[in-house]
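Okay, so here's the structure we're looking at.
2 protein chains.
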Amino acid sequence: MTPHTAAPIRLLVVDDHPLFREGLARTLGTEAGFEIVGQAENGSSAESLWNQTKPDVALIDVSMPGIDGIETVRRLRARHPSARLLMLTSSEDWDDVIAALDAGASGYITKSVRYGDLVAAVREVHAGGRPIGETVARKLAARDRDSPLTPRELEVLQLLREGLSIDDMGRQLAITERTVRAHVTAIKVKLDAANTAQAVARGFERGLLAAGVPKPRS
Amino acid sequence: MTPHTAAPIRLLVVDDHPLFREGLARTLGTEAGFEIVGQAENGSSAESLWNQTKPDVALIDVSMPGIDGIETVRRLRARHPSARLLMLTSSEDWDDVIAALDAGASGYITKSVRYGDLVAAVREVHAGGRPIGETVARKLAARDRDSPLTPRELEVLQLLREGLSIDDMGRQLAITERTVRAHVTAIKVKLDAANTAQAVARGFERGLLAAGVPKPRS
DNA sequence: CGCGGGGTTGTCGAAATCGACAATGGCCGG
DNA sequence: CCGGCCATTGTCGATTTCGACAACCCCGCG
Chain A
1 MTPHTAAPIR LLVVDDHPLF REGLARTLGT EAGFEIVGQA ENGSSAESLW NQTKPDVALI
61 DVSMPGIDGI ETVRRLRARH PSARLLMLTS SEDWDDVIAA LDAGASGYIT KSVRYGDLVA
121 AVREVHAGGR PIGETVARKL AARDRDSPLT PRELEVLQLL REGLSIDDMG RQLAITERTV
181 RAHVTAIKVK LDAANTAQAV ARGFERGLLA AGVPKPRS
Chain B
1001 MTPHTAAPIR LLVVDDHPLF REGLARTLGT EAGFEIVGQA ENGSSAESLW NQTKPDVALI
1061 DVSMPGIDGI ETVRRLRARH PSARLLMLTS SEDWDDVIAA LDAGASGYIT KSVRYGDLVA
1121 AVREVHAGGR PIGETVARKL AARDRDSPLT PRELEVLQLL REGLSIDDMG RQLAITERTV
1181 RAHVTAIKVK LDAANTAQAV ARGFERGLLA AGVPKPRS
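So the protein sequences, as listed, match chains A and B.
According to this note's numbering, the first sequence is numbered sequentially starting from 1.
According to this note's numbering, the second sequence is numbered sequentially starting from 1001.
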């Protein structure tokens, strides 16, 4: 069972839910070849712990209060380009998947996987691989054709979802109402929607909008 | 600490996320006075396992594919009126809180609590208490103003999602535009939305609208 | 039987959105 | 270098929706 591991994989677990984090740490800690060197409950704590412990791999939850997982990845990446970061997520949010990989995550895995899959994923990341899971990979490949909207239009759709009026969106984006209307019109055409209301609905249906809370504005 | 516990609390853990369930089970299993007698990943499995193992307390996740936690509680309650069921939830959804307690859950606790709180809650449930957590309790008291939509309003929200105009909805529902408007207004007020667009978004966020395809019309 | 809530309808003017057109400048890839 | 896509802005009137009133009917509940 335990073939005298030459050097155990040193793990840092980052998750805001104590229950999950604790359970995960304890479970992985019993796994052969794994060593939990730290637990963090938020992004800033993760940063300082990384500096202190210099783990081999960090398991980072996507959604966290304050500095979220994506931002944490970005920051760690900036200071430690060789860091191996495996994202963990509960909901399969494609925006987050893309954002995470763009930010420099080595892998992306959902919390719905079986325990052994997670262990395998950690080992793969440690070995330099980029596990992203079958379902995630499949959807990721299909994201191009599933995103008929231009970046700007997507942005407008986000604001639309938040209930802003055309005027407010104009102010928010620092453009004229006319322009916003042009975008909204384009969105409705592209999503085959009769209303802004249906446009938003289509956004959710197509995964352009996540079910969670709207992203914080920069 | 004392290994010779007179009678350990026999626990059944029900959660669809293997990672979380496994971690929780292992962690609680090391706790003095606790014994994990089974793990279930869905409602039906939970039922049969309950019958087999007759646990003292069941930890049941709210959101699960297929038979969800609420329904599981309802079924277990029906067959085992004395069952002690502690609900676990990741998101603080008040509708679920109410539904769970109505269904017969003994307690309700969020996954964001610290580990010790969960242990305490399990013990409290086992002792016949009804822990519901401070935040949950506070919001529960205020559930009146969080009132969900009336059936009719929900129906209107569905149509709104499909992109129908006020007029079309009127025809569809065989009522006047004025009435539809009244419903729409009520929806926006209740969902705290500024637009129909945001109302739809809120519908998705609150789970009033499913991400799938709209239901076929009769 | 009265009370209250849900569902229904009405009116009004004010506000927002739509729709269809045309035009400019920037940037990327052929 | 040119064509095309994207973002931007403009104008026009027509249409839709909003918001805040008030009112009625029906039903279940105490």
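We put the beta carbon where it would ideally sit given N, CA and C, even for glycine.
Test item: CB-CB of residue i and residue j under 7 Å
i                         : j                             : result
glycine 1023 of chain B   : threonine 27 of chain A       : yes
threonine 1196 of chain B : leucine 1157 of chain B       : no
arginine 114 of chain A   : proline 1018 of chain B       : yes
leucine 1049 of chain B   : phenylalanine 1034 of chain B : no
valine 200 of chain A     : alanine 1194 of chain B       : no
glutamate 205 of chain A  : valine 119 of chain A         : no
glutamine 1198 of chain B : glycine 163 of chain A        : yes
Chain-ordered neighbours of residue i on chain B, where CB pairs are closer than 7 Å
i                       : result
threonine 27 of chain A : Glu1022, Gly1023, Arg1026
Close Cβ partners of residue i (< 8 Å) along its chain, the five nearest in sequence each way excluded
i                         : result
glutamate 153 of chain A  : His183, Ala186, Ile187, Lys190
glycine 66 of chain A     : Asn42, Gly43, Ser44
histidine 126 of chain A  : Ile9, Asp56, Val57, Arg84
aspartate 1068 of chain B : Gly1043, Val1062
aspartate 16 of chain A   : Glu41, Asn42, Asp61, Ser63, Met64, Pro65
arginine 1075 of chain B  : Gly1043, Glu1047, Ile1067
Contacting residues, own chain, Cβ-Cβ under 7 Å from residue i (five flanking each side not counted)
i                        : result
threonine 176 of chain A : Gly170
alanine 1121 of chain B  : Leu1086, Gly1107, Ile1109, Pro1131
arginine 1219 of chain B : Residue 1219 of chain B cannot be examined here, being either before or after the span of chain B that is shown, 1001 to 1218.
glutamine 172 of chain A : Leu159, Leu164
Chain-order list of residues whose beta-carbon lies under 6 Å from that of residue i (same chain, five-residue window excluded)
i                             : result
threonine 1089 of chain B     : Val1062, Thr1110
alanine 142 of chain A        : Below a pLDDT of 50, predicted positions are generally treated as unreliable, and alanine 142 of chain A, at 48, falls in that range; no measurement from the model is reported.
glutamate 1219 of chain B     : It is not possible to answer for residue 1219 of chain B, since the shown part of chain B is limited to 1001 through 1218.
leucine 1209 of chain B       : Arg1161, Gly1203
valine 1013 of chain B        : Arg1021, Leu1024, Ala1025, Gln1039, Leu1059
alanine 1100 of chain B       : Ile1070, Met1087, Tyr1108
alanine 105 of chain A        : Val73, Leu85, Met87
glycine 29 of chain A         : Ile36
phenylalanine 1180 of chain B : Note that residue 1180 of chain B is valine in the sequence shown here, rather than phenylalanine. Cβ neighbours of valine 1180 of chain B beyond the five flanking positions: Ile1166, Met1169, Gly1170.
proline 81 of chain A         : none
Listed by chain order, chain B residues near residue i by CB distance under 9 Å
i                     : result
alanine 32 of chain A : Near alanine 32 of chain A there are no residues of chain B at all, since even the closest Cβ is about 15 Å away, more than 9 Å.
8 Å Cβ cut-off: residues of chain A touching residue i
i                       : result
proline 1018 of chain B : Ser112, Val113, Arg114, Tyr115
Quick one, which residues of the segment 1096 to 1122 of chain B are near chain A if we go by CB-CB under 8 Å, in chain order? Lys1111, Ser1112, Val1113, Arg1114, Tyr1115, Leu1118
For the segment 1150 to 1162 of chain B, which residues have a CB atom closer than 9 Å to at least one CB atom of chain A, in sequence order? Leu1160, Arg1161, Glu1162
Interfacial residues, the segment 1169 to 1203 of chain B to chain A, with Cβ spacing under 8 Å: Ala1193, Ala1194, Asn1195, Thr1196, Ala1197, Gln1198, Ala1199, Val1200, Ala1201
Between the segment 1063 to 1094 of chain B and chain A, which residues of the former have CB atoms less than 7 Å from a CB of the latter, in chain order? Ser1090
Going residue by residue through the segment 1165 to 1198 of chain B, where are the continuous alpha helix (DSSP H) segments of at least 4 residues, counting only ones entirely within it? 1166 to 1173, 1177 to 1190
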